[in-house]
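As numbered in my numbering, the sequence shown has no gaps in its residue numbers, which increase by one up to the final residue, 110.
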Amino acid sequence: MNTALITAPSGYSFRDVLNDDRTFWGRVVESAVGAHLWNTRDPATRIHYWRDVEEKYEVDFVISRGPHLVGIEVKSGLKKSEKGLDVFKQRFSHAKQ
Numbered sequence: 014m015n016t017a018l019i020t021a022p023s024g025y026s027f028r029d030v031l032n033d034d035r036t037f038w039g040r041v042v043e044s045a046v047g048a049h050l051w052n053t054r055d056p057a058t059r060i061h062y063w064r065d066v067e068e069k070y071e072v073d074f075v076i077s078r079g080p081h082l083v084g085i086e087v088k089s090g091l092k093k094s095e096k097g098l099d100v101f102k103q104r105f106s107h108a109k110q
């Protein structure tokens, strides 16, 4: 759970990623959030990924602890579609987002 394992072998400089490959930048940001969630969770907390295969909606991270459920969608750019979170909330009405 260390983003250096993604970035070091990539061959990109920080400037390259910000200027040329925003898709890679998004993956790095999402991985950094996931690594932080994983590295700071307590043993009773579970971290999942959710995807609706038929409709192709997804939520980057779902945190569960006992009956509590939280959906997290990570965005690193200006585009802010939250359809996955909306569908997740419809399916799991007790979840927070």
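For glycine and all other residues, C-beta sits at the position ideal for the given N, C-alpha and C. Computed from a predicted model, the values in this text were never measured in an experiment.
Rounded C-alpha distance that separates residue i from residue j
i: R20; j: V75; result: Note on residue identity: the sequence assigns Thr, not Arg, to residue 20. Rounded to whole angstroms, T20 to V75 spans 24 Å at the Cα level.
i: A108; j: G79; result: 12 Å
i: G39; j: G90; result: 8 Å
i: T16; j: V46; result: 10 Å
i: D65; j: D29; result: 33 Å
Residue i and residue j closer than 8 Å at C-beta
i: G97; j: Y62; result: no
i: V87; j: E43; result: yes
i: S23; j: F37; result: yes
i: I60; j: D73; result: no
First through last residue of the alpha helix (DSSP H) which encompasses residue i
i: N32; result: F27 to D33
i: T16; result: It is not in any alpha helix (DSSP H) - T16 carries neither H nor E in the DSSP assignment.
Neighbour flag for residue i against chain D, beta carbons, 8 Å
i: N52; result: This model lacks chain D altogether, as it is built from one protein chain only.
Minimum length 4: unbroken alpha helix (DSSP H) runs contained in the segment 63-108
96-104
Quick test of the definition: if touching needs 3 or more C-beta pairs under 8 Å, does the segment 99-106 touch the segment 31-51?
Contact between the segment 99-106 and the segment 31-51 is not established, with fewer than three Cβ pairs separated by less than 8 Å.
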